[in-house]
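Under this note's numbering, the residue at position 17 of the sequence shown is numbered 17, and the numbers go up by one with no gaps.
Following: one structure in structure tokens, then a few remarks.
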Amino acid sequence: LIINSRDDPFMLPEMIPDANNLSNSVQLEISDSGGHVGFISGGTPCKPKFYLPKRIFNFLSDYA
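In structure tokens:
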């Protein structure tokens, strides 16, 4: 599983792999926003909800 966002300040668009160049066993997910490992999906500024840990857990659960 590769998760990245188009607005990641550390990854230029040309650095993000193309799905056609990856193994069939690799799943690529690209979002429009998320920054650099942010992926905040709701909540409040003091108590944000993060998408990334939940997505990783769900991905791994599919194989457990």
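Built from N, CA and C at the ideal position, the CB exists for glycine as well.
None of these values were measured; they are calculated from a predicted model.
Check, Outcome
"Selection from D32, N20 and N58 that minimises the alpha carbon distance to N4", "D32"
"Boundaries (first-last residue) of the alpha helix (DSSP H) holding S23", "Here S23 belongs to no alpha helix (DSSP H), and DSSP marks it neither H nor E."
"Supposed contact pair P17 and L28 - C-beta distance, whole angstroms, cut 8 Å", "7 Å"
"Backbone CA spacing between R55 and Y63 [nearest angstrom]", "13 Å"
"Every unbroken beta strand (DSSP E) inside the region 13 to 52 [3 residues or more]", "28 to 31, 40 to 44 and 47 to 50"
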